[in-house]
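Each protein sequence line maps, in turn, to chains R and F.
Heads up: the first sequence begins at 5 in this note's numbering, then just goes up one per residue.
Heads up: the second sequence begins at 245 in this note's numbering, then just goes up one per residue.
The beta-carbon is built from N, C-alpha and C at its ideal position, and this holds for glycine as well.
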Amino acid sequence: LPTAKILDFDVDGGLDLDIFDINEEAGLNLIEGDIVLDETQTRNS
Amino acid sequence: IIGDEYRWPTTVPYYMEDDLEINAKGVILKAFEQYRLKTCIDFKPWSGEENYISIFKGSGCFSSVGNRRVGKQRLSIGTNCDRIATIEHEFLHALGFWHEQSRSDRDDYVQIMWDRISEGKEHNFNTYDDTVSSSLGVPYDYNSMMHYSKNAFRNGSEPTIVTKIPAFSEVIGQRMEFSDSDLLKLNRLYKCTQGSTFLDSCDFERENICGMIQGHEDQADWVRVSNAPGGPETDYSNMGKCTGSGYFMHFGTGTASAGDTAVLESRLVYPKRGYQCLQFFYYNSAGPGDTLKIHVREYDEDNPSGKLRFIQTIDGSPQDLWQLHHVSLDVRKKFRVVFEGTKVGPGPAAGGLSLDDINLSETTCPEFVWRVKNFSHVMDSTPTNTPVFSPPFTSKEGYTFQMTLYPNGRDGYPGELSAYAHLVAREGDAGQTWPCPWKQITMMLMDQHPHIQKRMSNQRSVTTDPNMKAADSDLFFWDDPRKVGAEVTEPDGARYFRGPGAGTPVYLTHLRAKSRDFIKGGDAIFLLTMEDVSHLTVSQPVPSTTLKPTSQSATTNASDSCLDKQCQNGGVCVVDQGKPSCRCEVGDDWWYYGDSCQHRGSTQDKTTLALASSLSVLGAMLLITVVSVLCVKKKYKKRVANTGIALENAYA
């Protein structure tokens with residue numbers, strides 16, 4: 005017999021997150037939110 | 245980013261690390277397909293090239309800009325990054341693109357509200373000088389998928405970016421697909437002349453009908469018209485919106501005799517992959533028995549004039565509607581697509597068969613089409629949390645699934661489209677494995693732009709993980725819907741069980757859904773697929789042979805020189821000036837070195853070395869000082885002894 009209804013699963017975890025929000029929530033502090041710089045770029049920056 | 249050293253070869257080697265989610269791996273492959281369709285950028289599994297992109301599941305979505313030539317270049321697709329546009333965005337970074345609003349001319353187009361930016365985040369709004377970054381002659385693009393959204397890095401509730409043209413305020417930050425300008429820039433940067441998997445597209449707006457030709461042995465012709473007696477009244481490309489345009493091809497069966505055929509052949513195309521998808525819109529206002537057949541005419545040495553091969557009859561009964569059709573082809577030789585209309589028997593005095601917006605590409609066809617009529621009205625009139633269900637669709641592997649659409653959102657997201665995928669099972673179903681293992685369901689709202697390369701469709705995918713547990717339960721989420729679902733009775737009396745849904749309340753905003761050609765003729769079209777992705781659960785093979793370094797224009801072949809060269813610790817052999825040498829693996833704070841990468845170094849070692857060197861120098865200087873002092877003292881004593889002077893305290 006079917007069991008009690010299982011709730012739907014929200015693949016976004018109930019949030020509407022853009023790339024930059026995801027990275028901020030993850031504690032990342034990247035250049036422009038999602039860019040990894042190498043040593044040369046860091047120096048120039 | 246300016247500089248040829250940052251370019252990748254047009255075929256980019258990639259390695260998908262084991263930690264990636266299976267759904268992410270599937271979406272990455274879909275993103276690669278979009279690159280292939282719309283640009284000349286291709287991707288291939290890493291087979292030992294000197295530089296490659298390692299895609300892994302980091303703690304977010306990020307990439308470097310351009311080819312850093314570091315061997316293994318990392319690109320993260322972490323949790324919640326498994327959206328096609330996010331992946332395309334990160335790969336655009338890797339291919340050499342900064343964000344759109346960091347252009348040197350940014351301030352001409354948007355105003356940055358500096359006082360609304362979170363403290364310490366201001367650097368994210370720096371611009372790059374046009375000696376560092378080029379816009380490649382493409383105007384500022386509010387539609388770019390590389391643009392921040394208006395609320396990026398804000399400290400409160402007010403937007404940080406205000407567009408100088410207010411109409412673009414809600415446009416910036418789209419994460420649907422490449423914009424036209426994104427593609428123009430990418431194609432300019434990599435000197436692309438055509439998409440790798442694109443073959444042909446025709447909306448019949450030009451008189452040359454895209455080089456299509458009329459058949460020679462038929463009795464009637466297809467005619468380029470802007471309306472036809474008996475229907476349709478307008479074309480599909482423009483829906484009759486523009487005076488003097490809006491053409492389609494029509495075979496008038498009303499005026500033809502029984503048995504007449506009309507043949508329309510595409511121009512010659514040259515396939516590379518061996519599989520194609522033919523997509524077109526079809527309006528059938530002919531008699532019920534009249535048919536449209538699809539053939540291909542294949543050319544080879546034995547058949548220089550081409551040999552006709554029947555593919556299928558289009559099953560589109562007469563309707564007052566432009567119907568979307570897909571036909572899968574499997575052609576490996578030079579060929580044409582052939583549309584053959586046949587007037588079979590008596591029918592209406594007016595009417596016929598019509599074709600518009602034909603697209604031919606070397607891609608797989610979507611499996612299922614769900615058309616939602618009068619979609620604007622459905623969005624505007626459906627209350628929040630009220631679902632609309634697609635019909636159940638059965639995949640070729642025997643699983644049935646269904647899409648649920650919440651036209652006005654759910655769970656606190658009014659003004660959005662929310663979309664979920666469910667497994668479905670009927671009472672007598674047998675033969676499936678439960679829980680359902682690794683099927684990726686993709687729900688795509690089709691941008692009905694006539695040209696396939698200019699479409700910015702919106703899609704999300706979910707994958708059935710057989711190990712996933714339902715929340716607060718021991719039940720498997722993707723188990724047999726007869727076990728974990730609820731019974732449903734359709735209005736027509738059909739009964740089945742619908743499992744729980746997986747999807748998102750934020751599939752697409754109403755504002756975006758009403759933009760572009762998501763709604764055309766009042767209708768929205770969802771393209772649905774269920775694909776097996778179980779092959780993505782195994783590790784991507786690590787190259788067993790090593791290759792020459794890649795050149796800008798081509799990927800490389802295996803090198804014999806490297807056969808005898810052993811590289812340790814994950815090092816890769818490359819041929820450098822004719823000699824094999826090892827390129828060693830490097831990490832964030834460690835590296836291997838030596839002829840065969842046999843030694844390991846780290847920043848800690850470097851610090852120790854620096855400290856040891858400094859102490860050694862200090863020690864040596866101390867020693868020299870002591871020796872010098874002793875020598876001087878000795879010499880002075882000797883001189884005093886020779887002169888016989890007695891030193892005494894004269895003033896005591």
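C-beta contact flag for residue i and residue j at 9 Å
{"i": "F/G765", "j": "F/V668", "result": "no"}
{"i": "F/G585", "j": "F/T497", "result": "yes"}
{"i": "F/G490", "j": "F/S470", "result": "yes"}
{"i": "F/V616", "j": "F/T707", "result": "no"}
{"i": "F/I416", "j": "F/Y434", "result": "no"}
{"i": "F/D426", "j": "F/M390", "result": "yes"}
{"i": "F/D479", "j": "F/F524", "result": "no"}
{"i": "F/I331", "j": "F/A268", "result": "yes"}
{"i": "F/K749", "j": "F/D673", "result": "Going by the sequence as given, residue 749 of chain F is Pro instead of Lys. No, these two residues do not count as a Cβ contact at 9 Å."}
{"i": "R/I26", "j": "F/T677", "result": "no"}
{"i": "F/P636", "j": "F/T644", "result": "yes"}
{"i": "F/T375", "j": "F/I555", "result": "no"}
{"i": "F/V513", "j": "F/D574", "result": "no"}
{"i": "F/G659", "j": "F/T505", "result": "no"}
{"i": "F/L771", "j": "F/M690", "result": "yes"}
{"i": "F/R827", "j": "F/G845", "result": "no"}
Beta-carbon neighbours of residue i, restricted to chain R and to distances below 9 Å
{"i": "F/L862", "result": "Chain R residues near F/L862: none, gap ~28 Å exceeds 9 Å."}
{"i": "F/F397", "result": "F24, E28, G37"}
{"i": "F/S308", "result": "I39, V40, L41, D42, Q45"}
{"i": "F/P744", "result": "K9, I10, L11, D12, F13"}
{"i": "F/R419", "result": "D22, I23"}
{"i": "F/E334", "result": "I23, D38"}
{"i": "F/A714", "result": "I10, L11, F13"}
{"i": "F/H621", "result": "In chain order: nothing, as chain R lies at least about 25 Å away."}
{"i": "F/G322", "result": "I26, N27, A30"}
Alpha carbon of residue i to alpha carbon of residue j, nearest angstrom
{"i": "F/H693", "j": "F/D761", "result": "6 Å"}
{"i": "R/V15", "j": "F/D601", "result": "34 Å"}
{"i": "F/Y372", "j": "F/K823", "result": "40 Å"}
{"i": "F/E775", "j": "F/K683", "result": "5 Å"}
{"i": "F/S291", "j": "F/S303", "result": "27 Å"}
{"i": "F/C521", "j": "F/E606", "result": "6 Å"}
{"i": "F/N368", "j": "R/E36", "result": "4 Å"}
{"i": "F/E294", "j": "F/Q842", "result": "18 Å"}
{"i": "F/F583", "j": "F/I685", "result": "32 Å"}
{"i": "R/L5", "j": "F/F612", "result": "Confidence at R/L5 is low in this model, with a pLDDT of 46, below 50, so the placement of that residue should be treated as unreliable; the coordinate-derived value is given next. R/L5 and F/F612: Cα-Cα distance of roughly 31 Å."}
{"i": "R/V40", "j": "F/L552", "result": "54 Å"}
{"i": "F/Y258", "j": "F/F306", "result": "15 Å"}
{"i": "F/P651", "j": "F/S788", "result": "51 Å"}
{"i": "F/D359", "j": "F/Y386", "result": "22 Å"}
{"i": "F/L273", "j": "F/S320", "result": "15 Å"}
{"i": "F/Q567", "j": "F/M647", "result": "20 Å"}
{"i": "F/Q458", "j": "F/R517", "result": "27 Å"}
{"i": "R/K9", "j": "F/H666", "result": "13 Å"}
{"i": "F/Q812", "j": "F/T557", "result": "59 Å"}
{"i": "F/C446", "j": "F/I453", "result": "7 Å"}
{"i": "F/G270", "j": "F/L508", "result": "37 Å"}
{"i": "F/H950", "j": "F/E542", "result": "Here chain F has residues from 245 to 896 only, and residue 950 of chain F is not among them."}
{"i": "F/A411", "j": "F/S662", "result": "25 Å"}
{"i": "F/E402", "j": "F/M357", "result": "9 Å"}
Residues that DSSP places opposite residue i in a beta bridge
{"i": "F/Y898", "result": "For chain F, the structure presents residues 245 to 896; residue 898 of chain F sits outside this window and is missing."}
{"i": "F/C325", "result": "In the DSSP output, where bridge partners are listed per residue, F/C325 has none listed."}
{"i": "F/A663", "result": "F/L649, F/T748"}
{"i": "F/P289", "result": "F/Y258"}
{"i": "F/I538", "result": "F/Q556, F/F583"}
{"i": "F/N311", "result": "Answer by DSSP bridge pairing: none, since F/N311 is not bridged."}
{"i": "F/M687", "result": "F/R704, F/L772"}
Chain-ordered neighbours of residue i on chain R, where CB pairs are closer than 7 Å
{"i": "F/R312", "result": "D42"}
{"i": "F/P651", "result": "Under the 7 Å cutoff, chain R gives no residues; its nearest Cβ is about 16 Å from F/P651."}
{"i": "F/S393", "result": "D22"}
{"i": "F/Y664", "result": "D12"}
{"i": "F/H343", "result": "E36"}
Chain R residues whose Cβ lies nearer than 8 Å to that of residue i
{"i": "F/F721", "result": "I10, F13"}
{"i": "F/T330", "result": "I23"}
{"i": "F/H337", "result": "D38, I39"}
{"i": "F/V777", "result": "Going along chain R, no residue has its Cβ under 8 Å from F/V777, so there is no contact; the nearest lies around 15 Å."}
Near the ligand SAH: residue i beta-carbon under 8 Å from a heavy atom
{"i": "F/N295", "result": "No copy of the ligand SAH appears in this structure; indeed no ligand is present at all."}
Does the pairing of the region 332–352 of chain F with the region 374–393 of chain F give three or more beta-carbon distances under 8 Å?
-> yes
Do the region 696–712 of chain F and the region 730–742 of chain F meet, that is, are 3 or more Cβ pairs less than 8 Å apart?
-> no
Between the region 454–469 of chain F and the region 491–510 of chain F, are three or more C-beta pairs nearer than 8 Å?
-> yes
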